[in-house]
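Below is one structure; the comments refer to it alone.
Numbering (our numbering), first residue to last: 24 to 140.
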């Protein structure tokens, strides 16, 4: 019977066993904050439709005519649709103060008792 401590009987060449834990998988599609690498949270998110997926990531062809427009463009956050399809862009003609806003401002300034309610 050999009596020795753990450190004295071990071979000098033998390395300490490293843990076999794999690095965490971080998804690049933005769903990591929802499931955080938990299998049960992922299935709950799938059931509650919480994952950020576009129809063109799930289906090969658009299911409805409403999806047909946005089905073919890129959903990358850095790419704007106006850059890929320039016909979408239209000039904006903003109305800074609408007629109703001007009426309200005029009424409030001229009548102290004026109230909408």
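Note that CB positions come from ideal geometry on N, CA and C, so glycine has one too.
Where the alpha helix (DSSP H) through residue 97 begins and ends:
As a position in the chain shown, residue 97 is number 74, starting the count at 1. Membership of residue 97 in any alpha helix (DSSP H) is not indicated, and neither H nor E is assigned to it by DSSP.
Runs of alpha helix (DSSP H) lying entirely within the stretch 85-137, each at least 4 residues, in chain order
List check, alpha helix (DSSP H) in window: 88-94, 104-107 and 122-133.
Starting from residue 65, trace the alpha helix (DSSP H) both ways and give me its first and last residue.
In the chain shown, counting from the first residue as 1, residue 65 sits at position 42. That run of the alpha helix (DSSP H) goes 62-70.
Sequence-distant residues of its chain with Cβ nearer than 7 Å to residue 107 (five each side left out):
Taking the first residue of the chain shown as 1, we reach residue 107 at position 84. 96 and 97, listed in sequence order.
By alpha-carbon positions, which one of 103, 120 and 84 ends up nearest to residue 112?
Translated into positions along the chain shown, residue 112 becomes position 89. Taking only the C-alpha atoms, the option nearest residue 112 is 103.
Spatially closest choice to residue 71 from 57, 44 and 130, by CA coordinates
If you number the chain shown from 1, residue 71 lands on position 48. Here the closest residue by C-alpha is 57.
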